[in-house]
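For the sequence shown, counting from 1, position 424 maps to 424 in the UniProt record's numbering; every step adds exactly one.
C-beta: ideal position from N, C-alpha, C; glycine also.
Take a look at the structure set out below.
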Amino acid sequence: MNTCNFNGLTGRIVTPDDPYYHELRQVYNRAVQKFPLAIVYCRNHEDVSNAVLWSQKNHVCLRIRSGGHNYEGYSTGDHVLDIDLSEMNQLAIDEDAHLLHVQGGVTNKQLYEFVSSKGYPFPGGTCPSVGVGGYALGGGFGLSCRHFGLGCDNLLEIRMVDYEGRIVNANSQENADLFWACRGAGGGNFGVVVSMTFRLPQKVNKVTLIDIRYPHADQEKQSLFLLTWQDWLKDADQRVTLISRIYNDLFEGLGIIARGIFYGPPELALGIIAPLLELGGVKYSLKYVTFLEAVTIIGDFYPPFEKFKSASRFAVRDFSNCESLKIAGLIKERPQGSVYASISFYALGGKVAEVDVDETAFFYRNANFIVWLDTIFEDHRCKNAAWVTEKFNYLESVTNGSYVNFPYACLPCYLEQYYGTHVCRLKKVKEKYDPFNIFTFPQGIGEFYNMDFTAPRCCNLSW
1 MNTCNFNGLT GRIVTPDDPY YHELRQVYNR AVQKFPLAIV YCRNHEDVSN AVLWSQKNHV
61 CLRIRSGGHN YEGYSTGDHV LDIDLSEMNQ LAIDEDAHLL HVQGGVTNKQ LYEFVSSKGY
121 PFPGGTCPSV GVGGYALGGG FGLSCRHFGL GCDNLLEIRM VDYEGRIVNA NSQENADLFW
181 ACRGAGGGNF GVVVSMTFRL PQKVNKVTLI DIRYPHADQE KQSLFLLTWQ DWLKDADQRV
241 TLISRIYNDL FEGLGIIARG IFYGPPELAL GIIAPLLELG GVKYSLKYVT FLEAVTIIGD
301 FYPPFEKFKS ASRFAVRDFS NCESLKIAGL IKERPQGSVY ASISFYALGG KVAEVDVDET
361 AFFYRNANFI VWLDTIFEDH RCKNAAWVTE KFNYLESVTN GSYVNFPYAC LPCYLEQYYG
421 THVCRLKKVK EKYDPFNIFT FPQGIGEFYN MDFTAPRCCN LSW
């Protein structure tokens, strides 16, 4: 029986005594197993304020959970208070001002269905159950980013509950330093973001959904595709954003896949992607569909949850022929227990690169694409983690920096890797808006975790 006194908490409180506790404590990555002291499902900012104050009064660390998709499980923890925002899921559009108002617990799926019902697209993420808050505050890659910019580039204002339980508004005029920090480094670091206002794009009728596949592609073909991809991306029309992937599937073996969205008709899309179709044995489709149909089809590829270990980097220069072949070779053998190993390439450039590097906290404006290494497994968790560590060593040597929304617990000097030269400025914002480091987690900006991590590289801080 749990004997902790939860007086002062409001909202729906779930403790270990609750029959649904073990279901509700889970996050998307089921390789992460944490046991919070309690989960409080907040329905409004008053519930959030009460949770923040309760945690300090009772000397309990807190975590902030929206969609629960932090890959290392940093939105939860053992013996912490989980502030869950998923019941704060209201949306509103001001069509005259072209504004979209989003509460802190809204998911990509909820947002897409809402804006699409009124004829609008939105530069959100690819996985439907990801929280829009965590997505945008960490930068926000999505399949519209080359056309509309990152999620954080379309963010105009936030409302945040601070360490004293007060509401703080931040935009380009009010608390501009906090607003700057929350566009690329805001997830869980400075307070609980309870609502956001985004710029609303112009209405669109239809988009082209692109699907390119090379089944049974060997290492050499995977390497050639990567070389073709990086050359193609340099001059690609900014209306197209793709994620390409080389993979090793338990049942299919080695292969290549690329998916994305083009804001235009299929006949134009075909000419734009033509260089990616020339390797031999390609299967591709171009579907002219509504925006909602496109993001729904892409979202259907994501399972409700999975066990995985992953790490990310930014490609800031071209890979040589030798480097490309070595990168493809990293996934030639899967670790024991793995059913799927892959390296994905998330296209940047376009509108992303048009924003000055110091305009937001997202540092890697000049990167060509994000590189994401992962293994999905059913068992042998530690062997899969060790495999990622081994393969990451080479990726790290040919890339620069890591994407904070694709975190890696074993990353050395992680603040500099995530935020580049913005670290000092971010520390000042942290000291101003959260001087007692109430909002903290492994790899957070707060001083308690701000150290040069020198433990063995096979470590896993979240597992």
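Item checked: Residue range of the unbroken alpha helix (DSSP H) whose run includes residue 146 -> Numbered from its first residue, the sequence shown carries residue 146 at position 146. Per DSSP, residue 146 belongs to the alpha helix (DSSP H) from 145 to 148.
Margin query: Quick check on the DSSP output: what are the complete beta strand (DSSP E) runs of length 3 or more inside the region 68 to 128, in order along the chain?
Written below: If only uninterrupted beta strand (DSSP E) runs of at least 3 residues are considered, those enclosed by the region 68 to 128 are 81 to 84, 91 to 94, 99 to 103.
Next item on the list: Inspect the beta-carbon positions of residue 183 and residue 154 and report whether they are closer than 7 Å.
Entry: Position 183 of the sequence shown, counted from the first residue, corresponds to residue 183. Position 154 of the sequence shown, counted from the first residue, corresponds to residue 154. The answer is no: Cβ separation not under 7 Å.
Next item on the list: Check each candidate in 167, 159, 223 and name the one with the smallest Cα separation from residue 137.
Entry: Taking the sequence shown and counting its residues from 1, the one referred to as residue 137 is at position 137. For residue 137, the nearest C-alpha among the options comes from 159.
Notebook entry, point to check: Taking contact to mean at least 3 C-beta pairs separated by less than 8 Å, is the region 237 to 244 in contact with the region 259 to 270?
Noted result: Three or more pairs of CB atoms, one per stretch, sit closer than 8 Å, so the region 237 to 244 contacts the region 259 to 270.
Notebook entry, point to check: Does the beta-carbon distance from residue 374 to residue 308 come in below 7 Å?
Noted result: Within the sequence shown, the letter at position 374 stands for residue 374. Within the sequence shown, the letter at position 308 stands for residue 308. Cβ distance < 7 Å, so residue 374 and residue 308 count as in contact.
Next item on the list: Answer yes or no: do residue 66 and residue 165 have a C-beta to C-beta separation smaller than 7 Å?
Entry: The residue given as residue 66 occupies position 66 in the sequence shown. The residue given as residue 165 occupies position 165 in the sequence shown. Here residue 66 is not near residue 165, since their CB atoms are 7 Å or more apart.
Note to self: Can you look up residue 449 in the DSSP assignment and give me helix, strand or coil?
What the structure shows: Numbered from its first residue, the sequence shown carries residue 449 at position 449. Low local confidence applies: a pLDDT of 37 at residue 449 is under 50, so the model's placement there is unreliable, with the coordinate-based value given in what follows. Residue state, collapsed to three classes: helix.
Next item on the list: Kindly indicate the opening and closing residues of the beta strand (DSSP E) around residue 227.
Entry: The residue you call residue 227 lines up with position 227 of the sequence shown. Taken as a continuous stretch (DSSP letters only), residue 227 belongs to no beta strand (DSSP E), being part of the alpha helix (DSSP H) at 219 to 234.
Notebook entry, point to check: Which of the three DSSP states, helix, strand or coil, is assigned to residue 548?
Noted result: Limits of the chain in this structure are 1 at one end and 463 at the other, which puts residue 548 out of reach.
Check: Does the count of Cβ pairs from the region 185 to 203 and the region 103 to 118 closer than 8 Å reach three?
Finding: Yes, the region 185 to 203 touches the region 103 to 118.
Next item on the list: Using a threshold of 7 Å, state whether the C-beta atoms of residue 34 and residue 73 are closer than that.
Entry: Numbered from its first residue, the sequence shown carries residue 34 at position 34. Numbered from its first residue, the sequence shown carries residue 73 at position 73. Yes, the pair counts as a contact, with Cβ atoms nearer than the cut-off.
Next item on the list: Taking residue 111 and residue 91 to be in contact with their CB atoms under 8 Å, please state how far apart those CB atoms are, rounded to whole angstroms.
Entry: For this step, residue 111 is matched to residue 111 along the sequence shown. For this step, residue 91 is matched to residue 91 along the sequence shown. Between residue 91 and residue 111 the Cβ distance is about 7 Å, and since that is below 8 Å, they are a contact.
Check: Where does residue 22 land, buried or exposed, given buried means 16+ other C-beta within 10 angstroms?
Finding: As a working mapping, residue 22 is identified with position 22 in the sequence shown. Under this definition residue 22 is an exposed residue.
Item checked: Environment of residue 280 [buried if 16+ CB atoms lie within 10 Å] -> Start at 1 with the first residue of the sequence shown, and residue 280 comes out as number 280. Looking at its Cβ environment, which holds fewer than 16 other Cβ atoms inside 10 Å, residue 280 is exposed.
Next item on the list: Can you grab the Cα-Cα spacing for the pair residue 225 / residue 335, in whole Å?
Entry: One-based indexing of the sequence shown puts residue 225 at position 225. One-based indexing of the sequence shown puts residue 335 at position 335. Distance between the alpha carbons of residue 225 and residue 335: 24 Å.
Check: With residue 344 and residue 372 assumed to form a contact (beta carbons below 8 Å), what rounded beta-carbon distance in angstroms separates them?
Finding: Reading the sequence shown from its first residue, position 344 is the one you call residue 344. Reading the sequence shown from its first residue, position 372 is the one you call residue 372. That pair is a contact at about 4 Å.
Item checked: Enclosing beta strand (DSSP E) for residue 211 [first to last residue] -> Against the sequence shown, residue 211 aligns to sequence position 211. Where residue 211 is concerned, the enclosing beta strand (DSSP E) starts and stops at 207 to 215.
Notebook entry, point to check: When you compare only the Cα positions, how much space is there between residue 232 and residue 76?
Noted result: The residue given as residue 232 occupies position 232 in the sequence shown. The residue given as residue 76 occupies position 76 in the sequence shown. Roughly 40 Å separates the two Cα atoms.
Checklist line | Outcome for residue 202 when other beta-carbon atoms lying within 10 angstroms are tallied against a minimum of 16 | finding: In the sequence shown, residue 202 corresponds to position 202, counting from 1. Exposed, by the Cβ-count rule.
Notebook entry, point to check: In terms of residue numbering, what span does the alpha helix (DSSP H) encompassing residue 21 cover?
Noted result: If you number the sequence shown from 1, residue 21 lands on position 21. 21 to 24 is the extent of the alpha helix (DSSP H) around residue 21.
Next item on the list: Go ahead and pull the three-state DSSP assignment for residue 425.
Entry: As a working note, residue 425 is residue 425 in the sequence shown. In this structure, DSSP gives residue 425 a helical state, which the three-state scheme calls helix.
Item checked: Counted within 10 angstroms of its Cβ, other Cβ atoms place residue 319 as buried (16 or more) or exposed -> The residue you call residue 319 lines up with position 319 of the sequence shown. Its Cβ being crowded by 16 or more others within 10 Å, residue 319 is buried.
Notebook entry, point to check: Alpha carbon to alpha carbon, how far is residue 126 from residue 108?
Noted result: Taking the first residue of the sequence shown as position 1, residue 126 is located at position 126. Taking the first residue of the sequence shown as position 1, residue 108 is located at position 108. About 8 Å.
Checklist line | Candidates 213, 133, 326, of which the one nearest residue 245 by Cα | finding: One-based indexing of the sequence shown puts residue 245 at position 245. Nearest neighbour of residue 245 by Cα position, chosen from 213, 133, 326, turns out to be 213.
Next item on the list: Tell me whether residue 455 sits in a helix, a strand or coil according to DSSP, three-state version.
Entry: Taking the first residue of the sequence shown as 1, we reach residue 455 at position 455. Caution is warranted here: a pLDDT of 32 is assigned to residue 455, below 50, making its placement in the model unreliable, and the coordinate value is therefore given only provisionally. Assignment of residue 455 by DSSP, reduced to helix, strand and coil, places it in the coil class.
Note to self: Which residue wins for smallest C-alpha separation from residue 156, given the options 180, 147, 37, 162?
What the structure shows: As a first step, residue 156 must be located in the sequence shown, where it is residue number 156. Nearest C-alpha to residue 156 among 180, 147, 37, 162: 180.
Checklist line | Pair within 7 Å by beta-carbon distance, residue 209 and residue 295 | finding: In the sequence shown, counting from the first residue as 1, residue 209 sits at position 209. In the sequence shown, counting from the first residue as 1, residue 295 sits at position 295. Not in contact: residue 209 and residue 295 (Cβ atoms no closer than 7 Å).
Item checked: Pairwise C-alpha distance: residue 443 and residue 437 -> One-based indexing of the sequence shown puts residue 437 at position 437. One-based indexing of the sequence shown puts residue 443 at position 443. Residue 437 and residue 443: Cα-Cα distance of roughly 13 Å.
Item checked: Which listed residue (152, 258, 29, 96) has its alpha carbon closest to that of residue 132 -> The residue given as residue 132 occupies position 132 in the sequence shown. Of the candidates 152, 258, 29, 96, the one whose C-alpha sits nearest the C-alpha of residue 132 is 152.
Item checked: Integer-rounded CB distance, given that residue 402 should sit under 8 Å from residue 418 -> Residue numbering aside, residue 418 sits at position 418 when the sequence shown is read from its first letter. Residue numbering aside, residue 402 sits at position 402 when the sequence shown is read from its first letter. Taking 8 Å as the upper bound for CB-CB distance, residue 418 and residue 402 are in contact here, some 6 Å apart.
Next item on the list: Kindly give me the distance between the Cβ atoms of residue 316 and residue 400, rounded to whole angstroms, as I take these residues to be in contact under 8 Å.
Entry: Taking the sequence shown and counting its residues from 1, the one referred to as residue 316 is at position 316. Taking the sequence shown and counting its residues from 1, the one referred to as residue 400 is at position 400. Beta-carbon to beta-carbon, residue 316 and residue 400 are separated by about 5 Å, close enough to satisfy the 8 Å threshold.
Notebook entry, point to check: Alpha carbon to alpha carbon, how far is residue 146 from residue 36?
Noted result: Stepping through the sequence shown from its first residue, residue 146 is reached at position 146. Stepping through the sequence shown from its first residue, residue 36 is reached at position 36. The straight-line gap from Cα to Cα measures roughly 39 Å.
Check: Going by the CB atoms, is the gap between residue 139 and residue 363 shorter than 7 Å?
Finding: Stepping through the sequence shown from its first residue, residue 363 is reached at position 363. Stepping through the sequence shown from its first residue, residue 139 is reached at position 139. No.
Check: Touching or not, the region 297 to 312 and the region 16 to 32, by the rule of three or more beta carbon pairs under 8 Å?
Finding: Judged by Cβ distances under 8 Å, the region 297 to 312 makes contact with the region 16 to 32, as three or more pairs qualify.
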